[in-house]
Amino acid sequence: MLTRLEGVRIIDPAHRAGGAVRDLYFRDRTIVAAPRDDEPVDRTWDCRGMIAMAGAIDLHTHIGGGKVNLARALLPEFAAAAPVPATDRCAPCTAGPAPSALATGYRYAAMGYTACFEPAMLPVNARQAHFEMGDTPIVDKGAYALLGNDDFLLRLLAGGAERQEIADYVGWTLHATQAMAIKVVNAGGISAFKFNQRSLDVDEAHVHYGITPRRVIAALARAVHDLGVPHPLHVHCSNLGVPGNVDSTLATIEAAEGLPIHLTHLQFHSYGSEGDRKFSSAAARVAEVVNASPHVTVDVGQIMFGQTVTCSGDSMMQHRNARHGRPPKWIVMDIECDAGCGVVPFRYRDRDFVNALQWAIGLELFLLVEDPWRIFLTTDHPNGGPFWSYPHLIKLLMDRSFRNDVLARIHPDAAALSNLRSITREYTLDEIATMTRAAPAQILGLTDRGHLGVGAAADIVVYEPHPDPEVMFAAPRHVFKDGVLVAERGEIRAVTRGSLHTVKPDFDRGIERKLEPWFARYQTQSMHSFVIGDDEVCECGHSARLIAHRCVRHG
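Going by this note's numbering, the sequence shown opens with residue 487, and the numbers climb by one from there.
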């Protein structure tokens, strides 16, 4: 069926289309060129005066895996918060700080998001994560496998393994878990925590393995690059949330040795230790280095005031933060020899000095990092705040006056220590589209997503212009997913199944000769049952379409 969106204003940074008004056509799942004059159009939508962008992409949102379910179990009292009502097309479900799989898909789609990526999938827990993502309706999904605290890799590094062997292990992990990319959380630190080491900076040696986080990061960044995985190594730096951690962050950039690297939830890693409270913003210092380092990309992890829950693979950090739980309860656990996780509920308050300064630091990063192709809009959902606060965050970026009004209401000492009021930048619609569509698609290797060119997936969002960006972005007029109208003015119109994205790198299967005896001795399942096949992962997603992305091997 050929569909026309008539007279719509196109915002498409990937094709430098920043406001041209024209008709946009798609047939079934794909955007197509304008038809011949004699070719009939089956359906026309009057979009005159409206704005079209590609479907938004969240490259870092915790939507699947054991830690998310632990968060739901820990907070039953919030289960009915922000409910998603039933309609004749979708079942009722609850949101709260840790929304259900159904609520996650519905709320993302209603807000104009068509792809979401889980950034911390434990390899040993990959099946459960894929089942949970498979239960998340409408949006495309994918996950990043966690390495860097697993016993096998640390043994390889401590034993002086060759670069090729490490790349083969990384490639095998991507293959076995059907992952999209590789993530490292507090490199070596989660493992060190199990040996009673309470902190581990970038150049400190692991008490048991004798290797440093710098070495772990360098080895993984090199392996991901050599394998040709589109997304760079996704890095949760050492010392998250610790005053003065800016030095660890800059050392992490150095550790990549010029190879592509993505620093995630950068707000939590941009802290100085100046002032009477020994806590200050280092956003300007970090932004200066990022601006000068074209191999570095970042997402912010903006905190948003209100109740949320923090759920992270960084068990060392979550153990340290447990005393700050609001409500006062928490979970920290270890998972075999893979990694760990921690869940701590938290309420960010605008009149709390630390929370207020964290809020300002995130916005400083957004406004001081110059290239919207290298910085991405995230709240590290749910750690900094729920993803449905994105329209409010967009307003903070686009409206300086509104931003300064909020700044005037936060803790006065935090406001005084921030440079936010002096920053005049306001994001444009084109920049918002870049950081939420075109740039995430580019860095993830999604060649047919994030743009409105011929051949792209028909993931299209149509907005009614409004002087308040929060109103405009909260409830788009039309949301099309693979050519199907799935949402309209915030209400779900159809429930579809999104695709699963993965990568298929080349690697030497000979690595299994070392892995098989290691699994037999240390793991609770065999190496062969650990591997998830293509048919199996599609079944996890209720017969979801598997999209395997090409890896162009380097080295």
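Note that the Cβ used here is the ideal one computed from N, Cα and C, for glycine as well. Model, not experiment: these values are computed from the prediction.
Cβ neighbour criterion (16 or more within 10 Å) applied to E774: Exposure of E774 is indicated by the presence of fewer than 16 other C-beta atoms within 10 angstroms of its C-beta.
Whole-angstrom distance between A924 and L556, CA atom to CA atom: L556 and A924: Cα-Cα distance of roughly 33 Å.
Could you check the C-alpha separation between D838 and G811 for me, to the nearest Å? When rounded, the distance between both Cα atoms is 15 Å.
Could you give the DSSP three-state label for R684: helix, strand or coil? Residue state, collapsed to three classes: coil.
Quick one, which of T600, L561, D621, V965 has its alpha-carbon nearest M536's? Looking only at T600, L561, D621, V965, the smallest Cα-Cα distance to M536 is reached by V965.
H694 CB to nearest chain C CB: under 8 Å? Checking the listed chains, one finds no chain C in this structure; it contains a single protein chain.
Helix, strand or coil for W816 per DSSP? The answer is coil: DSSP assigns W816 none of H, G, I, E or B.
Determine which residues share a DSSP beta bridge with K1051 and list them. Residue 1051 lies beyond the stretch modelled for the chain, which goes from 487 to 1041, so this question has no answer here.
Relative to the C-alpha of H748, which residue among A707, V732, S767, A769 is closest? The shortest C-alpha to C-alpha distance from H748 to any of A707, V732, S767, A769 is the one to A707.
Roughly how far, in whole angstroms, is the beta-carbon of P583 from the beta-carbon of L561, given that I think they are within contact range, below 8 Å? Indeed they touch by this definition, with Cβ atoms about 6 Å apart.
Taking the alpha-carbon positions, what's the D637 to S908 distance? Distance from the CA of D637 to the CA of S908, rounded to the nearest whole angstrom, comes to 48 Å.
I think N672 touches M802, with their Cβ atoms under 8 Å apart; what is that distance to the nearest whole Å? Contact holds; Cβ gap of about 6 Å.
With the cut-off set at 8 Å, would you say Y633 and V670 are in Cβ contact? Here the sequence assigns Leu to residue 633, which means Tyr is not the residue at that position. Result yes, Cβ atoms of L633 and V670 sit closer than 8 Å.
With a 10 Å radius around its C-beta and 16 neighbouring C-beta atoms as the bar for buried, classify G848 as buried or exposed. G848 is classed as buried because its beta carbon has at least 16 other beta carbons within 10 Å across all chains shown.
How would you label Q1011, buried or exposed, when you count the other beta carbons within 10 angstroms and need 16 or more for buried? Q1011 is exposed by the Cβ-count criterion.
To the nearest angstrom, how far is the alpha carbon of E974 from that of S677? Near 47 Å, if we compare the C-alpha coordinates of S677 and E974.
Find the nearest neighbour of A705 within the set I1033, V728, R641, N841, judged by alpha-carbon distance. Out of I1033, V728, R641, N841, R641 has the C-alpha closest to the C-alpha of A705.
Look at H717 and A667 and say whether their C-beta atoms are less than 8 Å apart. Yes, the pair counts as a contact, with Cβ atoms nearer than the cut-off.
With DSSP run on the structure shown, which of helix, strand or coil describes K881? DSSP places K881 within a helical segment (H, G or I) once states are collapsed to three.
Between S759, R534, V710, S767, which has its C-alpha nearest A902's C-alpha? If we check each option's Cα against that of A902, S767 comes out closest.
Cα-Cα, which of D992, E1002, Y599 is closest to F959? The shortest C-alpha separation from F959 is found at Y599.
Where does V688 land, buried or exposed, given buried means 16+ other C-beta within 10 angstroms? That one is buried.
Within the same chain, show all residues whose beta-carbon is closer than 6 Å to that of Q804, passing over the 5 residues directly before and after it, in chain order. The beta carbon of Q804 sits closer than 6 Å to the beta carbons of S798, V818, G828, V830 from its chain, once the five residues preceding and following it are set aside; these are given in chain order.
I'd like to check one pair, T910 with P623: are the Cβ atoms closer than 8 Å? Not in contact: P623 and T910 (Cβ atoms no closer than 8 Å).
Between R522 and L488, what straight-line distance do the alpha-carbon atoms span, to the nearest angstrom? Taking the straight line joining both Cα atoms gives about 12 Å.
Which residue's Cα is closest to the Cα of A665: R771, Y592, I946, G551? Scanning R771, Y592, I946, G551 for the CA closest to the CA of A665 turns up G551.
Specify the secondary structure class of F1005 as computed by DSSP and reduced to three states. Residue state, collapsed to three classes: helix.
Buried versus exposed call for H1028 [16 or more other C-beta atoms within 10 Å across all chains shown]: Counting Cβ neighbours within 10 Å, H1028 comes out exposed, since fewer than 16 surround it.
Relative to the alpha-carbon of I739, which residue among V721, G730, L726, G727 has its alpha-carbon at the smallest distance? Answer by Cα proximity: V721.
Name the DSSP bridge partner or partners of P858? When DSSP reads this structure, P858 sits in no beta bridge, so it has no partner.
Among L719, D712, M921, F617, which one has its Cα closest to the Cα of I1018? Residue F617 is the option with its Cα nearest to I1018.
Thinking I543 and A927 are a contact (beta carbons under 8 Å), I'd like their distance in whole angstroms, please. Contact between I543 and A927 holds, since their C-beta atoms are separated by about 6 Å, short of 8 Å.
Report all residues from its chain with a CB closer than 7 Å to the CB of C602; omit the five preceding and five following residues, and keep chain order. Here the set comprises D544, T547, I549, Y594, V625, K627.
Would you say the beta carbon of T796 is closer than 7 Å to some non-hydrogen atom of the ligand ZN? Absence of the ligand ZN is noted for the structure shown, with no ligands found whatsoever.
Could you tell me which residues DSSP puts in a beta bridge with V671? Answer is H722.
Rounded to a whole number of angstroms, what is the C-alpha to C-alpha distance between F873 and D712? Near 33 Å, if we compare the C-alpha coordinates of D712 and F873.
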